[in-house]
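Numbering-wise (the working numbering), the sequence shown opens with residue 12 and increments by one.
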Amino acid sequence: MANLNQKKYPAKDDFPNFEGHKSLLSKYLTADMYAKLRDVATPSGYTLDRAIQNGVDNPDFHLGLLAGDEETYTVFADLFDPVIEEYHNGFKKTDNHKTDLDASKILDDVLDPAYVISSRVRTGRNIRVWLSPLTCVEVREGQSKRWSPK
């Protein structure tokens, strides 16, 4: 989907200055890639500039980019794929996690406190067709009416 808010300046003038940045964004985003993707948006309107803004503003943000919706990963795959692969130590988008839902394999032993101080279980909100909170901030008027209490 084309970005209807076309940029005022050529891509080479808008390309971010990554001097002093340590992010994976600064490692993988090239001027040519920026020129190719900067006027593209996901169906919900999420743009490359929005995806990279946090990384441009924060030189120490390790990833340097944020996905605004599910389509971000496909629309901006040229940038997101290598960043994600490096962040996950070579885990490619074609790789699969092993899943074993057999509860009988869960150990119920108490963990030795000499070695384990704490543990946690992390989850992520990955619900298809729901925009990320980052994108929800700028909800279109029609959508906000649909989701507002009556």
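All residues carry an ideal CB built from backbone N, CA and C; glycine is no exception.
- Counting C-beta pairs with one atom in each stretch, the stretch 115-128 and the stretch 79-88 have fewer than three that are closer than 8 angstroms, which means they do not touch.
- Excluding sequence positions up to five before and after Phe91, its CB lies within less than 6 angstroms of the CB of Tyr84, all in the same chain and listed in chain order.
- Between the beta-carbon of Leu36 and that of Ile63 there is about 6 angstroms, and that keeps the pair under the 8 angstroms contact cut.
- Nearest to Ser55 by C-alpha distance, out of Asp24, Ala78, Ser129, is Ala78.
- Within the same chain, Cβ atoms closer than 7 angstroms to the Cβ of Tyr39 are found at Leu90, Pro93, Val94, the five residues on either side in sequence being excluded.
- In this structure, Phe26 keeps its C-beta atom at 9 angstroms or more from the C-beta atom of Ala52.
- About 14 angstroms separates the CB atoms of Glu96 and Phe87; that is not less than 8 angstroms, and the two are not in contact.
- Here Val127 carries a coil assignment [DSSP, helix/strand/coil].
- Taking the C-beta atoms as reference points, Lys33 is found nearer than 9 angstroms to His73.
- Beta-bridge partners of Thr53 (DSSP): none assigned.
- Look at Thr110 here: in three-state DSSP terms it is coil, with no helix or strand label.
- With a cutoff of 9 angstroms on beta-carbon distance, Asn65 and Leu76 are scored as near each other.
- Counting along the chain, Ala46 sits inside the alpha helix (DSSP H) bounded by residues 42-48.
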